[in-house]
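Under this note's numbering, the final residue of the sequence shown carries the number 468; numbering is consecutive throughout.
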Amino acid sequence: MIVGAVGVGKSTLISKVLKELNCSAAGFLTKKEDSLADPAKGSPLYFYEVGAHGEPVRKHLFGYCKDKVPLTFPEAFDAAAGYVGSICGGDVIVMDEIGTMEAVSPRFRSAVLSILDGSVPVIAAVKDKDAPFPEAVRSHPNCRCFTVNTENRDRLFEQVLAFMKEQLAGG
298 MIVGAVGVGK
308 STLISKVLKE
318 LNCSAAGFLT
328 KKEDSLADPA
338 KGSPLYFYEV
348 GAHGEPVRKH
358 LFGYCKDKVP
368 LTFPEAFDAA
378 AGYVGSICGG
388 DVIVMDEIGT
398 MEAVSPRFRS
408 AVLSILDGSV
418 PVIAAVKDKD
428 APFPEAVRSH
438 PNCRCFTVNT
448 ENRDRLFEQV
458 LAFMKEQLAG
468 G
């Protein structure tokens, strides 16, 4: 788990590690699309399904965020839970990012925790928020957390890469 504040480089670190590993990945990415912002609602938040080669294959609108206040669509999280629960086909599962909006969907939270219970290595970005679901993910017995900040993000790359190589080798 790559843990850190918003904008510190969690997703960038994950991308760099996956590129260096040169393995297949499946999972999901979430992205706030500021260029598509609505004046009243804010920026849309999309969930992208990721195919075996890391490319987005389908997207779902999860909600909007304006002035750091989310407007969440529970039905979108519930719909995405089916996909999350069936992720397969990758050497590594990517979950970028896990935060507080998932609180609206017990099905989505359950699907994420089931993945963590599995045997496929996971690399995930997790917000450093003090909230029940991110805390459940960070404290999962199959997880090792790497806390990233602006001072250590370049050094952390080698540590995360070594850990993921060990996981892929069956360690």
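For each residue, glycine too, the CB sits at the ideal point set by N, CA and C.
These numbers were taken from a predicted model, which means no experiment stands behind them.
Which residue from N439, P431, L465 puts its Cα closest to that of A302? On the sequence shown, residue 302 is found 5 positions in, with the first residue counted as 1. The shortest C-alpha separation from A302 is found at P431.
Just verifying my parser: in three-state terms, what is the DSSP assignment at A302? Against the sequence shown, residue 302 aligns to sequence position 5. A302 falls in the coil class under three-state DSSP.
The beta strand (DSSP E) spanning P367 covers which residue range? Stepping through the sequence shown from its first residue, residue 367 is reached at position 70. First-last of the beta strand (DSSP E) with P367: 366–369.
So, using beta-carbon positions, are C362 and L333 closer together than 8 Å? Position 65 of the sequence shown holds residue 362. Position 36 of the sequence shown holds residue 333. It is not a contact, given that the beta carbons lie outside the stated cut-off.
Can you find the residues in the same chain that come closer than 6 Å, C-beta to C-beta, to D393, ignoring five residues on each side of it along the sequence? For this step, residue 393 is matched to residue 96 along the sequence shown. Once the five neighbours on either side are set aside, the close Cβ partners of D393 are S308, I311, L326, A422.
M392, enclosing alpha helix (DSSP H) - first and last residue: Numbered from 1 along the sequence shown, position 95 holds the residue referred to as residue 392. Element bounds for M392: not the alpha helix (DSSP H) but the beta strand (DSSP E), 389–395.
On the DSSP letters alone, give me the boundaries of the beta strand (DSSP E) that E399 sits inside. Taking the sequence shown and counting its residues from 1, one reaches residue 399 at position 102. Segment: none, E399 is in no beta strand (DSSP E) and carries neither H nor E.
Only counting the same chain, and skipping five residues up and downstream in sequence, which positions put a Cβ closer than 6 Å to that of V434? The sequence position of residue 434 within the sequence shown is 137, counting from 1. So the list reads I395, V423, once near-sequence residues are dropped.
Just to confirm, are V381 and V401 a CB contact at a threshold of 8 Å? Locating residue 381 in the sequence shown gives position 84, counting from the first residue. Locating residue 401 in the sequence shown gives position 104, counting from the first residue. No, these two residues do not count as a Cβ contact at 8 Å.
Give the DSSP bridge partners of I420, in chain order. What you label residue 420 is simply residue 123 of the sequence shown in a count that begins at 1. The partner list for I420 (beta bridge, DSSP) reads V391.
In this structure, what does DSSP give as the bridge partners for F287? There is no way to answer for residue 287, as the model of the chain reaches only from 298 to 468.
R452 (DSSP reduced to helix, strand or coil): By one-based count along the sequence shown, residue 452 stands at place 155. DSSP places R452 in helix when its eight states are reduced to three.
Tell me whether the beta-carbon of L368 lies closer than 8 Å to the beta-carbon of K338. For the purposes of this step, residue 368 is identified with residue 71 of the sequence shown, where counting begins at 1. For the purposes of this step, residue 338 is identified with residue 41 of the sequence shown, where counting begins at 1. Yes.
Looking at the structure shown, is K363 part of a helix, part of a strand, or coil, going by DSSP? Taking the sequence shown and counting its residues from 1, one reaches residue 363 at position 66. K363 falls in the strand class under three-state DSSP.
So which of E463, I412, E455 has the shortest CA-CA distance to P438? Against the sequence shown, residue 438 aligns to sequence position 141. Cα-wise, what sits closest to P438 is I412.
Residue range of the alpha helix (DSSP H) that T309 falls in? The count along the sequence shown starts at 1 and reaches residue 309 at position 12. Where T309 is concerned, the enclosing alpha helix (DSSP H) stretches over 307–318.
Span of the alpha helix (DSSP H) around E432: Position 135 of the sequence shown, counted from the first residue, corresponds to residue 432. Note, E432: alpha helix (DSSP H), 429–435.
Mind checking A466: buried by the 16 CB within 10 Å criterion, or exposed? To locate residue 466, count along the sequence shown from 1; it is residue 169. When all chains shown are included, A466 counts as exposed.
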